[in-house]
Amino acid sequence: MTDDVILKISNLSKSFGPVRALKGVDFELRKGEIHALAGENGAGKSTLMNVIDGILQPDSGEISIDGQRVKIGSPAVAQKLGIGFVHQEIALCPDVSVAENIFMATTNTSRSFLMNYHALEKKAAAVLGELVTIDPSTLVRDLSISHQQLVEIAKALTLDCRVLILDEPTAALTEKEAQILFRIMRRLAGKGISIIYISHRMVEIFDNCDRVSVFRDGCHITTRNVADVVPDDVVNAMVGRVIDELYPRKQSEDERSEDVILDVRNLSERTRFKDVTFQIRKGEILGLAGLIGAGRSEIVKGICRLEGKVSGEMSLNGLPLSLTSYKDSISKGIVYLSEDRKGDGIFLEMPISANVSALKPEQVANALGLIVRYKEEAQAARLAARLNLKFGALTDPVSSLSGGNQQKVAIAKMLWVDPKLIFLDEPTRGVDVGAKAEIHRILRTLAASGVGILVISSELPELIGVCDRVLVVCEGRISGEVSGKDMSEENIMHLASVGGVRPSLH
Amino acid sequence: ANGLQCEPGETYIMNVMVSGHPYWVPVYQGFKQAAAAFGCETIFSGTPDYDITKQIASFEQDMVKQPAGMLLHPMQSDPFIEPINRAIDSGTQIVTFAADSPKSNRTAYITSDNLAEAKFAAEEIVKQVGDSAEYAVLENPGQSNHDLRVTALISYMEENYPDMKLVGRQATNQDSNAAYRATASILQANPNLAALWIPEAGSAEGAVAAVLEAEAEVLIMHADVTPTTLEHIKAGNIHMALNPNQGIQGFMGFMATFLAAHPDVFDPFNDYKVSGYNPMQVPYIDNGFAVITKENADSFDLNAYMEGRDPS
Amino acid sequence: MEDAVSLTDTPHTRSADASFIRRMLRMRETGLVAIILVLFVAMSIASPYFLTWVNMRAMVMAFAVEGIVVVGMTILLISGGIDLSVGSVTALAMVVAGWLFLNGVDPWVASAISIAVCTGIGAFMGFFVTRVGLHHFIVSLAVMVIARGVCLLGTGGRPLGLYTLPPEFKFIGQGTIGPVPVVILIFLAVVIGFDFMLRRTTLFRKVFYTGSNEKAAAYSGIRTKRVIFFTTTLCSALCGVAGIIYMARFGSAQPTFGIGMELNVIAAAVIGGASLKGGSGTIFGAILGAVLLSVVSSSLALLDVSVYWQDIIRGSILLTAVSIDHYLVKKRA
Amino acid sequence: MEDAVSLTDTPHTRSADASFIRRMLRMRETGLVAIILVLFVAMSIASPYFLTWVNMRAMVMAFAVEGIVVVGMTILLISGGIDLSVGSVTALAMVVAGWLFLNGVDPWVASAISIAVCTGIGAFMGFFVTRVGLHHFIVSLAVMVIARGVCLLGTGGRPLGLYTLPPEFKFIGQGTIGPVPVVILIFLAVVIGFDFMLRRTTLFRKVFYTGSNEKAAAYSGIRTKRVIFFTTTLCSALCGVAGIIYMARFGSAQPTFGIGMELNVIAAAVIGGASLKGGSGTIFGAILGAVLLSVVSSSLALLDVSVYWQDIIRGSILLTAVSIDHYLVKKRA
Ligand SMILES: Nc1ncnc2c1ncn2[C@@H]1O[C@H](COP(=O)(O)OP(=O)(O)OP(=O)(O)O)[C@@H](O)[C@H]1O
Ligand SMILES: Nc1ncnc2c1ncn2[C@@H]1O[C@H](COP(=O)(O)OP(=O)(O)OP(=O)(O)O)[C@@H](O)[C@H]1O
Ligand SMILES: [Mg+2]
Ligand SMILES: [Mg+2]
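Residue numbers (the working numbering), protein chains in the order written: chain A, 1 to 506; chain B, 507 to 818; chain C, 819 to 1151; chain D, 1152 to 1484.
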C-alpha cells in the first residue's frame, strides 16, 4: 500500500434548504486502501458519496482526483473518472434482465451497434457466480431484495474503476455473502483499487478496513488507522459518547415464562415453506435465522396473511387464531415490519407524520372520522423522539431523510398501533449503533411488557445479542433451535446451511 | 332491363362519416323510400368516427360487395378522388351529397345551397334588427358547409349592408358548453349585440342558454335543428332555423344514383355514345331548405317523424 | 418589558399566525393563485367588461358542472387511476335520465336511477381494474366507447328535448338563490365537501396511501383494491351528478355531449398539481386548474381574438402558466 | 440408427427449434396473435367478403400510416413518456408541406422541411420535459392545441387541394409495387426496422433502461434526459413522416386531420403490452394492437352492424380481448 492520495475532498458543503447535510468536509482516499466511513444516521455519508458520484452538486468546496481539480457534473462523468458506486438504496431497472442490469454502464458506453445478449449473459453468470447463483436472464423485478442487493454489488464489480464506493452493501446480506464480498474487496484493493466502505457494523470495519473516517452532523470528525483504535473509540467519535451497552440485558432464568403468546403448528405454504412449528413465549425475544432465500420472510408474511396460501394452525394467547387478511391481522395487534422499506415499507413522497400513522390513522381521528392533525403530529413527534429520528419537519416527505432515518420511520409506523405481536424483518437495516441500541432496548421493554416479538436478521451478532432463543430456517423448514450458551455464529451457520442433517447441539 | 326497376338483389349503399349523427336519419329515410319505389335494396354504411382513413376503409369495403351505386358523403373532397374513380371503373356509380368531391368522376352532387342559406339569413337579420346593427357568429372551422354558411353571410353583409358590424366570431365546434362560454363573453363585450348567426344546432343550444341567462335581447338564427332548439323556436327564444330538406336530399340522391347505374333508360341530346361517358351527369342539384319558425315548428319534430319507421 | 411579557403571553397565537402565512406561501397552490390573479388584473385592464358580476358568473357557470367531474377525476388520479370515459358517462347520465323521463318516470326518480347507472358503470370499471387486473387507461377507453354507443342506441343519435321537465327540476340547473345560480352553489358544495374530506378524513387518507405506494399501503393493512374500486366508482358517480345538472340546465339530453371532456378534466387536475403517478393532488388545486383554463378561454372570447389565433394563444398560455408554476414550486422546495 | 445419428448430428438445430417454439409460446404477443386469429376465422365464416385481397388491403391501408405513429408512440411510452399531440402534429405536417408546395416549393423539399418542422416540435416538447421539468402529458396537450391552431391559421380552416402534386410524389401514397401498395411497404419497413433496433441495438436498450427506472439508468451513466429528448423528438418526427404519406395518399392537406388519433394510437400500444409507466413494450405487440382495433372496426362495417350497436360491440370486444390477453400472459408467467 502506498500513500498516494487518489481522491481528495476539501472544505465541501452541501445543504438541502435549511438542512446542512455537509459542513466544510475534508476527506482523503489513498490508492489501494479500504477506507471505512462511520457516522450516525443522517451524518452525511451518503450525501458525500452522492456528491463524489455526481448525483448531487456541492454548494461549495473542491474535489480533486490525482491532484487534479475536477467537477463531477453527473454519474456519467464520475464513471469516466473511474468511480463506481453501490448505492444504499437499490437502483436497478425492474423490467430488465439481471445481465443487462449488471452491464448497463458498459452498454451505455459501448461502441457496438447491436446487443450481444448471449455474451452478456455469459459474462454476467461469471461475475455473479462468485457471489450467488442467479439466472442472469431473470428479470430483476422477480428477485428478492437481498438478491437485488447482490446484483447491485455485481454491477459495481464489473466497472473498470479506480475508486469503488460501497454504501452499506451488507445491510441485507447474511454473513456468507458478506464474507465473499470482503474477499473480493481485498482482492480489488490488492490491485490498487481504492474502496470507500460505509457500514454501521463495527465488526466489518475492524475486520476488513485499513482506515476509518468518522462523520458527525455533516462534519468530518477524524480519520484514523484501524489498527490504532478500538470500536469504542469510533462509536465515541460518532455519537459523542460511549455506548456502554450495545445490547440490553437478556431475559434471566427466573423471568422465563411458559405462557405462550403465539403458537404456530404445521404451517405450510405450497412452495415456500413446510411444517413450520414454533412458539413465541411471553417476555422473550425470538430470533429467526437462515441464509438468503431460506424462507424466513415468507413464513412471517404467511402468518400475518400478507402473502401466500397458508395451511396450518395458529393460536394467539391460547385462543385459536384465524386471520383472513393483513388488515385483520393488524386489528388483532399483529404487525410486520418489512425488509424492503422502499418497496413496501414507507410512502416516500408523503409526510413523515402521515407515514407514521398509516397503519391506523383512526387513532388520531375524532368522532366524525376526521384526522386531527395536531394530534397526529404530536404522536408522531413522540415516536420520532423515542427513536432519535433526525428530521427537519414532520410535514417533510420521507424521501428527504437519510436511509437509516427512513428505517426509523418504518419502525415508528409499526409502534404506532401498540402491537401485541411484532414480526421484524431486518429491523435495524442501515440503522446506526446508537439508534440500534435504542431500538433493541425498546424491543426488550416491549417484550417485558408482554408483547410477543420475533426478529429476523441477517446480522448474526445482532440475533445473538438480542434474542433469547433463535430458530434457524433452512430451505423452508425449521432446521433447529439454539438458545443460551449454544447461541454461537458457528452453530447457527451450521444449522442454516446443513439443514436437515441435525448435528448434536446439546 | 325492364325500365325503372332493379334486378333482384341490386343494392345501393349510402355511406357517411360520423354515422350516428341524427342528420343522416331523414336523408336515409328518403333514400330508402325512393329505393322501395324502384324495388331496390339499400344499406346504410360508413364509419361512426370522425376519421377520414376509417371512412375510406369502409368505402372500399362497401365496394367488395359490388353495389350498383352509392350515395356518398365524402368527409374530405380530395382524398376521395382516387377511391371514387376506382369504384366507378369497377362498375359502381357514385353520387355525392352534402359534401362533394368535384375533381372525381362522380356522376352527380346533391346538396342544399349554403350560399342561399347564408343570404337568406343575412336578409332576415337585417329585416329584424335593421341594417346598422351589431352581430356575431359562432363557427366550426374545418367543416366546409359550416364554414361556408359563416363566411358567405359575413361577405354578403360586407357587400350589401356595410353598416352591419361584426363584433364577435368564436369557434365553438358544435360543443354546447363552449358555445355557452363564448356567447356569454361576446354578450359581455358587446352590450349592443343585436343578432347571432350559428351554422349548426349544437352550438345554438349553448348560445341560447347564455342569452337567456344574461337576459339579453338578441336575435338568434341558426342552421339545422335539434329537438331542443325546436322548443326554443316555439318559445320564441330562437328566432328562426334554416333546415336543409334532408328527405329530398336522400330521395333525389337515390334517383341520381339509380339513373347513373341505369344510363340506358334515357338518351340525352349529346355525344355520350361516341365519347363513352355516363349520360347521367348532374354537377349540382339543390335540395332546398326549409325555414323553421314558431308557426311551423311542429312539423319538424324528428321523433314524431320517425314514429313507426325503421331507422336502419 | 411589556413587549416581552406580551410576547410570552401569546406564543401560541403568534406562531400559529406566522405559520399560517408561511403555510399559505408554502402551499402547492400559491403559484397558481398568483398566475390567475395576474391574468385577472391583465384582463381587467384589457376589457372593461371582464370584472363584471355577469361575466364572472358566466365564467364560473362555464366550468362549474365540469368542475364536479374534475373533483372525481382528481380523487381517482390521487389513487393512481385515470378515467377516459368521463365525457361519455356524463352524456349517458343525461340520456338515461332523459329517456326515463320521456317514458313517464318522475324526473327526480329518473335522475336517481341515472346516477345509480353511472355508479354501476364505475363499479364495472373498478371490477376490471381490481379483479381482472387491467389498466385504468384501457378499461376506461373501452367504457368510453361503449357508453357512447349506448347513448346513440338509446336516442337514435338524436338529442332528447326535455322542455317538459317540471320547473322545480329545472331549478337545479337554471334557478338562482338570491343572485347566485343554484349550479354554482352545488358546485361549491361538492368542491368544499370533497376538499375537506380529502384533507381530513381517514377514508380519503387511504386514497393517498394507495396512490403513493400501493404495495406499502397493502402492507399497512389497507385493502387497496377496495380503495381503487371506490375511487373509480366515485368518479363515475360524480359524472352522473354532473350529467343530471347539465340536463336540467340545457333542458335536453345530448348523446354527443362531452366528447373530448376527459383531456380538459385531466389537464385541470394536472395543472393543479395532481400527479399522473398517483399519491398527490388537491381538489383546490384542480379547481384552480379548471379556473385557469376557463379564464383563458373566456378572455380570448371577450377580447374577440381571431378564431385562428385562439388555439395558438391558449396553448401557449397553458404552457407558460404551467412552467411558471413549476418553477415557483421548485424554488420554494 | 440413422435416426439417432441425424438427431445427434443436429443437436444445436434441434434445441434451437424447441427453444424457438418455446420462445414463441412465451412471447408476450402470442395471446394477441391468437385472439386476432380467432377473429379472422370467425369473420371469414361470417362474411364471404372478409378474406378477399381487396378487403385485406383496405384493412391494412386503414391503419398502415397510423401504424408509423404507433411505432413512435410505443418507443416514447417505453421511455416513460406520452404524446397527446400526435394527431395535430400529423395534420401540421400535411399543412406545412402542402402550403410550401402550393407556394412553389418542390414537393420533396417541402416534405423534408415539413418533417424537420415536426422534428423541431418534438424537440420543443423534449425541451420542456427534460429542461423545464414538466410532465409529458401537459406539454403535449398544450402542443396539441397550438399545432392545431397553426393548422387552422395556415389554411383558414379549409383543406388544401394538392391534386397538382407530381405523380412520382403521389406514388409514395397511392402507387403499388406489384400488387402491394407502396404505403404498406413503407409501413412494413418502418415497423421491421424499429422493431429490430428496439430489440437489438444498444441505443434503444437505453430507452428501456430509462423508462424502467430513470434513476438507475442515470446512476449507470446514461444521460436519461437525452434519451427522453430523443424519444420525444422521434415520435414527432415519425408523425411528420406519417403526415407526408397521408398527403401523398389523399392529395390534400387537411387542417382537421387526426382529431382523437392519440387515444387510438396509445390504445394500440397499450393493448400490445406497452406499459404507461414505461420500461416495457414492443413494436410488434403495438402493431398487433393496431391490427386488432382495425380488424374489429372493419368487421363491424363489413357485417353491416347497425351504427348504434357498433360502438357497444367495439368497446366490448376490446375489453374482452384485453382481458383474455391479460389472463393468458398471467397464466404463462
Ligand atoms: N433530498 C434531500 N432533501 C432534504 N434533505 C436531505 C436529502 N437527502 C439527504 N438529506 C438530509 O441530509 C442529511 C444527511 O443525509 P445522508 O443521507 O447523507 O445521511 P447518511 O450519513 O448517509 O445516513 P444513513 O446512515 O442513515 O444512511 C440528513 O439530515 C438528511 O435528512
Ligand atoms: N416475488 C417473488 N417471486 C418469486 N420468488 C420469490 C419472490 N420472493 C421471494 N421469492 C423466493 O422465495 C424464497 C424465500 O425468500 P425469502 O425472501 O423469504 O427468503 P429469506 O429467508 O427472507 O431471505 P432474504 O430475505 O434474506 O432473501 C427464495 O427462494 C426467494 O427467491
Ligand atoms: Mg446513507
Ligand atoms: Mg427476507
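Ideal Cβ positions, reconstructed from N, Cα and C, are used throughout, including at glycine.
- Against His87 (chain A), the close residues of chain D are Tyr1370, in the order they occur along the chain (beta-carbon pairs closer than 8 Å).
- Annotation for Gly392 (chain A): Val19 place their beta carbon closer than 6 Å to its own, counting only its chain and skipping 5 residues before and after.
- Inter-segment contact for the region 662-669 of chain B and the region 681-695 of chain B is absent: fewer than three beta-carbon pairs are separated by less than 8 Å.
- At a beta-carbon threshold of 7 Å, the residues of chain A lying near Tyr1027 (chain C) are Phe347, Ala358, ordered along the chain.
- Restricting attention to alpha helix (DSSP H) runs no shorter than 4 residues, the region 1415-1460 of chain D encloses them at 1434-1453, ordered along the chain.
- Look at Asp1462 (chain D): its C-beta is under 8 Å from a C-beta on chain B.
- Minimum Cα-Cα distance from Ser607 (chain B) among the listed residues B:Pro789, B:Leu808, B:Gly794, B:Phe806 corresponds to B:Pro789.
- In chain order, the residues positioned with their C-beta nearer than 5 Å to some heavy atom of ligand 1 are A:Phe16, A:Val19, A:Ala21, A:Asn41, A:Gly42, A:Ala43, A:Gly44, A:Lys45, A:Ser46, A:Thr47, A:Ser400, A:Leu401, A:Ser402, A:Gly403, A:Gly404.
- As the crow flies, the alpha-carbon of Phe945 (chain C) is around 54 Å from that of Pro1318 (chain D).
- The residue among A:Ile195, A:Lys413, A:Asp207, A:Ile102 with its C-alpha nearest the C-alpha of Ala124 (chain A) is A:Ile102.
- Excluding five sequence positions before and after Val127 (chain A), the CB atoms of its chain that fall closer than 7 Å to its own CB belong to Ile102, Ala154, Leu157, Thr158, given in chain order.
- Judged by the Cβ position, Gln88 (chain A) qualifies as a neighbour of ligand 3 at the 7 Å threshold, a heavy atom of the ligand being closer than this.
- Just so you know, the alpha carbons of Ser488 (chain A) and Val470 (chain A) end up roughly 10 Å apart.
- Checking the 7 Å criterion, the Cβ of Asp167 (chain A) is within range of a heavy atom belonging to ligand 3.
- Not one beta carbon of chain D lies nearer than 8 Å to the beta carbon of Phe1075 (chain C).
- Against chain A, a Cβ distance below 8 Å from Ala852 (chain C) picks out nothing, because the smallest value is about 21 Å.
- The DSSP-derived three-state label of Gln582 (chain B) is coil.
- In terms of Cβ geometry, Leu495 (chain A) and Val466 (chain A) do not form a close pair [threshold 8 Å].
- Here Ile798 (chain B) has Val731, Leu736, Ile739, Met746, Ala747, Leu748, Asn749, Phe806 as same chain residues with Cβ atoms under 8 Å from its own Cβ, once five neighbours each way along the sequence are excluded.
- Less than 8 Å divides the Cβ of Leu1052 (chain C) from the Cβ of Gly940 (chain C).
- Within the model, the alpha-carbon separation for Gln149 (chain A) versus Arg241 (chain A) is close to 33 Å.
- Fewer than three beta-carbon pairs drawn from the region 843-856 of chain C and the region 1070-1078 of chain C are found closer than 8 Å, and the two stretches are therefore not classed as touching.
- For Gln68 (chain A), the enclosing beta strand (DSSP E) begins and ends at 68-70.
- Listed in chain order, the non-local C-beta contacts of Gly1223 (chain D) below 7 Å within the same chain comprise Leu1385, Cys1386, Leu1389, Cys1390, local neighbours out to five positions each way being set aside.
- According to the DSSP secondary-structure assignment, Ser551 (chain B) is paired through a beta bridge with B:Asn521.
- Collapsing the DSSP output to three states places Met487 (chain A) in coil.
- At the C-beta level, Gln755 (chain B) and Val533 (chain B) come within 8 Å of one another.
- With fewer than 16 neighbouring CB atoms inside 10 Å of its own CB, Gly129 (chain A) falls in the exposed class.
- Residue-level contact by beta carbon fails for Gly916 (chain C) and chain D, as no gap is shorter than 8 Å.
- Contact with chain B is found for Tyr981 (chain C), since one of that chain's Cβ atoms lies less than 8 Å from the residue's Cβ.
- Chain-order list of chain C residues neighbouring Ala172 (chain A): empty, with the shortest C-beta distance near 17 Å, by a criterion of under 7 Å.
- Under the Cβ criterion (8 Å, minimum of three pairs), the region 1428-1448 of chain D counts as touching the region 1208-1223 of chain D.
- Spatial neighbours of Leu1479 (chain D) in its own chain (CB-CB distance under 7 Å, excluding positions within 5 residues in sequence) are listed in chain order as Gly1182.
- Between the beta-carbon of Ser564 (chain B) and that of Ser551 (chain B) there is about 6 Å, and that keeps the pair under the 8 Å contact cut.
- Approximately 14 Å separates the beta-carbon atoms of Ala707 (chain B) and Thr689 (chain B); this is outside 8 Å, ruling out the contact.
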